[in-house]
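Take 7 as the starting number for the sequence shown in our numbering and just add one per residue.
A virtual CB, placed ideally from N, CA and C, is assigned to each residue, including glycine.
Small disclaimer: the values here were computed from a predicted structure and weren't measured.
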Amino acid sequence: MCGICGVSFSEPRVPEKAFLEEMSRTLSHRGPDEEGVFIAPGVGLGHRRLSIIDLVSGTQPIGNEDGTVQIVFNGEIYNFPELKRELEGKGHRFRTRTDTEVIVHLYEEMGEGCLERLNGMFALALWDDKRKRLFLARDRIGIKPLYYAHNGKDLAFASEPKALLKLPWVDGGLDPEGLSHYLSYDFIPAPWTIYRGIRKLPPGYRGIFEGGEFRTERYWDMDMGDRLRGLKEGDLKEVLWEEFCRSVRMRLISDVPVGVLLSGGIDSTSVLAALRYEGVSDVRTFSVGFEDPSFDESRYFRKAASFFETEHHDEILAPGTLLEIIPEVASILDEPLADASIMPTYLLSRFTRGYVKVALGGDGGDELFAGYPTYQAFVLARLYERMPSPARAVLEAVVRRLPVSFDNMSFDFRAKKFIQGIPYPPIERHYLWLGTFSPQEKEELLTDGIREALKESDSFRVLYDYLEGRAFSSELGKLLYLDTKLYLQEGVLAKVDRASMAHGLEVRVPFLDHLFVEFVTGIPEGLKLRRLKTKYIWKETIREKVPREILKRGKKGFGIPVAKWLCGELREMMLELLSGERLRRQGIFDPRPVERLIEDHLARRVDNRKKLWNLLIFQLWWDHFGRG
């Protein structure tokens, strides 16, 4: 895994090496092992390397035989050995054993169509000197990030925005639309970012920069049709398991040891089961737990480690440990991301990197198989809407009077969120449950100047834009599609990438092999969510393969006790960063609604953990990156 960056000009001028090196230096955490630069008239490419395959000769940028094609690459291509044999049969000569060089020669054969042959996670930039063309691409699911800035004549790209901010012509000012999306979703969906002059290349897209013009186009998307409706359940489970094991097996390719990030949940435990099925006996697992019992999962990850007889390593985190790293985590978030689980993920990555460079994770299973409680809420909402109005009024009054609990996944928090979302259409309701500020709350929160800049913007419009022109067999299918495109790609995967790469750890995700994804999206939604049973077909597939206790456990999530901390250990930081004086100087948020959020939370009248954490993370981002 690596960090990439570069510039390309509409004119044949040579980039300054100092600028490239400064951009590359900001990405050193992504590639602590080596660095490389390629400079030619019209282009400059920079690379930071984390050595995983071909530790000796895999330094990038890498070119073809005559040097007319050059590439910088971040990721892994798991089917590169078979592609290499095919290309050697066509006369291509290789000077390294890396997967990166395979892309160079595949591009010579197929041009931009080479992406269709790649199985892996990647972000790449390839310079075609004969055409004077820069070719950018991002993997199908968005496991690896890629940002760019285009000023109408020149283009720059990088793995993280902080590298682009080193260029004097990149506009690093606040983008009100990016801010609005962040307040709604806790993350910023592609192609927007928090910066006016920077955009994300969406997953499954490629970009072409030629003659000063930059265009992007989709090369892959998910098909949510019920293509496997006729397959018997027993046959489906058999093929599903074989496909998953194939994906796990492919992700073992490495010249360094590989571990497993074990949460004790169904998905990470399934990875262990597949490794055993594939005959892998020497397995190392890594976990972190918490002293707070409502957040701790040590009972389950130790059960899984014992069941599969792994070489297990874990660490139980005290509140002080998590609190101490808040400044560190804020320093890696050059785009605000309000998923509080980034903190334990950051510590788990640091802990794991003390033993291995590569680890397998269980991300993606919940989005593919309908594993979140919000899918159960989707079913309950349809039943709720059929209730007589008087009964609903009574129930809503009872929910509003529920005492506030600051425990993880507390009933009152979920019940109040459920009621809040009911007046909205199903798609918007789902993202109100997942997200933070409603449109009305944002209207009250933002200052007049920001509201004026957003008068033509609607964050919910993003949801319908993603769905436009696509066929779905059910409403649930729309939610699964959106959660993969938004919550998974822009939230979960961004969190894992930033937290792991901060420590030079590569995380591979077997559930997100694109062939596995294509198979799973063909399964009827009724086999994923059966009544209120989440992940039905996956649980049935692994029923005899994982410990029964783990199979039956409820969804907990990798959270931290934010609600409690805001009343205790984080109280002073919150009061300082969200003070009325600071907010008035900043000119983005109206201090009055923020003061009410704080007062209600501290008095335990309302659990405002999500809203306050969202605003707190924004303020930390502002101090590190936003003031410019």
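Roughly how many whole angstroms lie between the Cα atoms of residue i and residue j?
{"i": "leucine 328", "j": "glycine 295", "result": "11 Å"}
{"i": "leucine 557", "j": "arginine 257", "result": "24 Å"}
{"i": "valine 515", "j": "aspartate 340", "result": "24 Å"}
{"i": "tyrosine 154", "j": "glutamate 330", "result": "33 Å"}
{"i": "glutamate 605", "j": "alanine 569", "result": "13 Å"}
{"i": "serine 304", "j": "glutamate 82", "result": "31 Å"}
{"i": "lysine 363", "j": "lysine 168", "result": "24 Å"}
{"i": "valine 468", "j": "glycine 184", "result": "12 Å"}
{"i": "lysine 461", "j": "proline 182", "result": "10 Å"}
{"i": "proline 409", "j": "asparagine 614", "result": "14 Å"}
{"i": "serine 16", "j": "glutamate 223", "result": "20 Å"}
{"i": "threonine 380", "j": "isoleucine 348", "result": "21 Å"}
{"i": "phenylalanine 478", "j": "asparagine 620", "result": "32 Å"}
{"i": "leucine 323", "j": "glutamate 297", "result": "6 Å"}
{"i": "arginine 407", "j": "arginine 420", "result": "13 Å"}
{"i": "glycine 510", "j": "proline 151", "result": "15 Å"}
{"i": "leucine 343", "j": "glycine 97", "result": "47 Å"}
{"i": "glycine 471", "j": "isoleucine 204", "result": "Here residue 471 is aspartate; the residue named in the question, glycine, does not match the sequence. Each residue's Cα considered, the two are about 21 Å apart."}
{"i": "arginine 282", "j": "phenylalanine 314", "result": "8 Å"}
{"i": "arginine 457", "j": "glutamate 449", "result": "7 Å"}
{"i": "glutamate 118", "j": "histidine 156", "result": "20 Å"}
{"i": "arginine 255", "j": "aspartate 369", "result": "16 Å"}
{"i": "glycine 73", "j": "threonine 106", "result": "15 Å"}
{"i": "glutamate 391", "j": "arginine 598", "result": "34 Å"}
{"i": "arginine 610", "j": "lysine 616", "result": "14 Å"}
{"i": "glutamate 71", "j": "aspartate 519", "result": "31 Å"}
{"i": "arginine 36", "j": "arginine 398", "result": "52 Å"}
{"i": "leucine 130", "j": "glycine 455", "result": "38 Å"}
{"i": "aspartate 288", "j": "serine 253", "result": "18 Å"}
{"i": "glutamate 447", "j": "glutamate 546", "result": "42 Å"}
Less than 8 Å between the CB atoms is what I'm expecting for residue i and residue j, so what's the real figure, rounded?
{"i": "aspartate 192", "j": "glycine 632", "result": "Aspartate 192 to glycine 632, Cβ: 17 Å. No contact."}
{"i": "proline 209", "j": "arginine 146", "result": "6 Å"}
{"i": "alanine 279", "j": "isoleucine 548", "result": "6 Å"}
{"i": "glycine 377", "j": "lysine 541", "result": "5 Å"}
{"i": "leucine 583", "j": "valine 600", "result": "Going by Cβ atoms, the distance from leucine 583 to valine 600 rounds to 10 Å, so no, they are not a contact pair."}
Comparing C-alpha positions only, which one of the options sits nearest to residue i?
{"i": "glycine 371", "options": "Leu234, Asp418, Leu535, Tyr201", "result": "Leu535"}
{"i": "glycine 69", "options": "Asp134, Met127, Arg55", "result": "Asp134"}
{"i": "alanine 310", "options": "Ala365, Phe292, Gly240, Phe86", "result": "Phe292"}
{"i": "aspartate 227", "options": "Ile543, Tyr487, Ile623", "result": "Tyr487"}
{"i": "lysine 422", "options": "Val513, Trp439, Arg91", "result": "Trp439"}
{"i": "arginine 212", "options": "Leu267, Val262, Ala143, Ser165", "result": "Ala143"}
{"i": "valine 404", "options": "Pro67, Ser416, Ile425, Phe44", "result": "Ile425"}
{"i": "arginine 55", "options": "Glu40, Asp454, Phe44", "result": "Glu40"}
{"i": "cysteine 120", "options": "His98, Gly285, Leu89", "result": "Leu89"}
{"i": "glycine 441", "options": "Lys238, Tyr430, Tyr493, Ala387", "result": "Tyr493"}
{"i": "tryptophan 247", "options": "Ile272, Ser276, Arg221, Leu237", "result": "Ser276"}
{"i": "glutamine 66", "options": "Thr104, Arg31, Leu93", "result": "Thr104"}
{"i": "glutamine 76", "options": "Arg388, Leu140, Ser312", "result": "Leu140"}
{"i": "lysine 159", "options": "Pro394, Phe220, Met127, His187", "result": "Phe220"}
{"i": "proline 197", "options": "Asp596, Ser190, Leu207, Phe25", "result": "Leu207"}
{"i": "phenylalanine 412", "options": "Pro21, Pro299, Phe466", "result": "Pro299"}
{"i": "aspartate 177", "options": "Asn85, Gln446, Arg202, Leu161", "result": "Arg202"}
{"i": "aspartate 241", "options": "Phe86, Leu572, Ile543", "result": "Ile543"}
{"i": "proline 325", "options": "Val502, Phe301, Phe466, Arg308", "result": "Phe301"}
With burial defined as no fewer than 16 other Cβ atoms inside 10 Å of the residue's Cβ, what is the status of residue i: buried or exposed?
{"i": "phenylalanine 215", "result": "buried"}
{"i": "valine 385", "result": "exposed"}
{"i": "serine 1", "result": "The displayed coordinates of the chain run from 7 to 634. Any statement about residue 1 would go beyond what the structure contains."}
{"i": "glutamate 434", "result": "buried"}
{"i": "methionine 116", "result": "exposed"}
{"i": "methionine 507", "result": "buried"}
{"i": "leucine 353", "result": "buried"}
{"i": "phenylalanine 417", "result": "exposed"}
{"i": "glutamate 373", "result": "buried"}
{"i": "arginine 504", "result": "buried"}
{"i": "glycine 9", "result": "buried"}
{"i": "valine 400", "result": "exposed"}
{"i": "proline 350", "result": "buried"}
{"i": "methionine 127", "result": "buried"}
{"i": "arginine 19", "result": "exposed"}
Between residue i and the ligand FMN, is the CB less than 6 Å from at least one heavy atom?
{"i": "phenylalanine 313", "result": "With respect to small molecules bound, the structure shown includes none, and the ligand FMN cannot be examined in it."}
* At a cut of 8 Å, does the segment 164–178 reach the segment 109–116 through at least three beta carbon pairs? -> No contact exists between the segment 164–178 and the segment 109–116.
* **Inter-stretch contact at 8 Å, needing at least 3 Cβ pairs: the segment 571–584 / the segment 348–365** => no
* Asked: Any chance the segment 226–245 sits against the segment 511–530, with 3 or more Cβ pairs inside 8 Å?
  -> yes
* To do: Please determine if the segment 581–591 and the segment 540–552 are in contact, where contact requires at least 3 C-beta pairs separated by less than 8 Å.
  => no
* Asked: Are there three or more Cβ pairs, one per stretch, closer than 8 Å when the segment 46–55 is compared with the segment 10–27?
  -> yes
* Asked: Do the segment 619–626 and the segment 334–348 meet, that is, are 3 or more Cβ pairs less than 8 Å apart?
  -> yes
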